[in-house]
Structures are given as structure tokens and as C-alpha cells.
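In our numbering, the protein residues as written are 36 to 306.
Rendered as C-alpha cells:
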């Protein structure tokens with residue numbers, strides 16, 4: 036156990052140092068800036084067209100929190116898709132898997148080290164992007180209690196990054212070459228389609244729990260369907276949602292660890 040803990044830390048440090056390249060930093064910078072630029076366009080657009088559009092400004096103000104959550108969530112998921120699903124495939128392509136698999140605890144060290152790297156990178160990107168969006172909206176529209184909203188959203192994205200990184204990492208151990216496609220399909224099918232169904236199956240989706248926690252911590256910020264949402268999805272206490280997220284994330288990490296230690300992966304030289 037000590038071997039794979041030390042190895043996970045070493046893998047985590049190596050992956051972080053390898054991420055500090057101009058190409059990866061530029062991709063991260065683009066992802067960070069995208070929500071901020073979009074929010075700036077949404078706010079300044081009506082003002083540049085006509086300075087006397089109070090209704091348009093009021094509409095932007097009313098939906099500013101939803102826009103921030105939606106845009107930063109897109110960036111969070113995109114960052115995770117770039118980092119987490121390729122955890123095993125990148126080592127197979129780089130012909131380093133044979134060495135890692137032969138070391139004591141090498142498989143688990145690689146798996147958990149890459150998981151923590153994907154989590155940290157996506158969380159940092161999400162928080163920086165969120166902070167820029169909050170600063171822009173607060174400057175032009177004066178958000179009520181911006182500090183509390185920022186802290187609540189940081190908590191939501193911490194949970195989202197931790198759980199989705201676990202899911203995508205598990206998918207990466209199973210599907211290998213198509214892990215990113217399968218991960219994207221999972222988000223579209225499970226956390227967009229199934230999460231909106233008023234059935235028991237939605238309780239197994241991550242987005243329902245995150246969305247409900249967001250409403251609990253931020254107040255209602257979704258488009259004006261509050262009555263329908265509350266009728267279809269009766270609220271649970273916050274600890275239940277937190278427990279559900281912990282169970283989903285922990286189960287996915289465990290399944291991925293079992294797969295990565297028991298499966299024989301064919302390297303490039305063997306295919």
C-alpha cells in the first residue's frame with residue numbers, strides 16, 4: 036500500500052510538471068477565458084447596441100447566475116474530458132505501461148495519480164474561470180452577496196470535479212481508445228437526458244445531486260420552471276446528496292482500480 040501511495044504522489048507531481056508546457060497552458064487559458072468572454076458579451080452587447088435597454092439588462096442580470104453556472108460547467112467537463120479518460124491509453128501509446136505494470140503498485144499509482152491530476156487541473160481551471168465571471172458580472176451588474184455565491188459555487192465545482200474525474204477515470208480503464216467518446220456520451224445520456232426524467236433512475240445521475248445542492252446553496256437560479264422542478268424532483272436533505280455523490284465517486288474509483296489491476300492491456304508492440 037505504501038508503494039502505490041508514494042507512486043501516486045510521484046505520478047501526480049510528474050503529470051503536473053508535464054502539463055506546464057506552452058501547448059497545454061494555452062489550452063487551459065482558452066478554456067478559462069471562454070466563460071468570461073461570453074459573460075462580457077452578454078452584458079456589454081445590449082449596452083453597445085443601445086444604452087437605453089433596461090429590460091435587456093434586467094434579463095441578463097436575472098439569468099447571470101445561471102449563465103455563469105452553465106458556461107463554467109461546460110469548461111469543467113471539457114477539461115476533465117481532456118485529462119481523465121486517457122489515463123491508461125496515454126501510457127500505452129507512450130510505451131510506458133509495461134514498465135509501470137511491472138513495478139510494485141505501479142498500476143494503482145498511475146491510476147490514482149492521474150485521477151488526482153485530472154481533478155486538480157479541472158478544479159483550478161473551473162475556479163479561475165468562475166472568479167473571472169463573478170468579477171465581470173459584479174462589476175457591471177452588482178451581484179447580491181458575491182462572496183457567498185462564489186464560495187457556494189467553488190464547493191459545487193469541487194464536488195463535480197471529484198466525482199466526474201472518478202467516472203471518467205473508470206471509463207478510461209475499460210474502453211481505452213474510445214474513452215473520451217464514451218465519457219462524452221455518458222454526460223449527454225446520463226447527466227443531461229436521464230437527470231431530467233421524473234423517475235427513480237435520475238437519483239443515480241451526478242447532475243441531479245449537483246443541481247439540487249446548487250439550488251439549496253444559491254437559491255433558485257434556473258429558468259422559470261421552479262414549480263415543475265420541485266413537483267418532479269422532491270428535495271432531499273443536503274447530506275443525502277453529498278452521500279450519494281460520495282458513493283458514486285467512490286464506487287467508480289473502486290471499479291476502475293479493480294479493472295486496472297486485473298486487466299491485461301495490450302501494448303502497441305503487442306498489437
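Just so it is clear, CB atoms sit at the ideal spot from N, CA and C, and this is done for glycine as well.
- Nearest C-alpha to residue 247 among 161, 168, 173, 194: 194.
- Collapsing the DSSP output to three states places residue 178 in coil.
- DSSP, read as helix, strand or coil, puts residue 129 in coil.
- At least 8 Å separates the beta-carbon of residue 275 from that of residue 190.
- The three-state reading of DSSP puts residue 299 in coil, since its state is none of H, G, I, E or B.
- Membership of residue 240 in any alpha helix (DSSP H) is not indicated, and neither H nor E is assigned to it by DSSP.
- By the CB criterion at 8 Å, residue 47 and residue 210 fall outside the cutoff.
- If you ignore the 5 residues before and after residue 245, its C-beta comes within less than 7 Å of the C-beta of 191, 194, 195, all in its own chain and listed in chain order.
- In this structure residue 273 is exposed. Its beta-carbon is surrounded by fewer than 16 other beta-carbon atoms within 10 angstroms.
- Between the stretch 144 to 164 and the stretch 109 to 121 there are three or more inter-stretch CB-CB distances shorter than 8 Å, so the stretches are counted as touching.
- 8 Å or more divides the Cβ of residue 161 from the Cβ of residue 198.
- In this structure, the beta-carbon distance from residue 156 to residue 249 does not fall below 8 Å.
- Contact check for residue 115 and residue 200: beta-carbon distance about 6 Å, within the 8 Å limit, so the pair qualifies.
- The residues 124, in chain order, have a CB closer than 8 Å to that of residue 212 in the same chain once the five nearest residues on each side in sequence are set aside.
- Bounds of any alpha helix (DSSP H) do not take in residue 228, whose DSSP letter is neither H nor E.
- Excluding the 5 residues flanking it on each side, residue 219 has same chain C-beta neighbours closer than 7 Å at 116, in chain order.
- Closest by C-alpha distance to residue 65, out of 113, 44, 45, 42, is 113.
- For residue 188, the secondary structure class from DSSP, reduced to helix, strand or coil, is helix.
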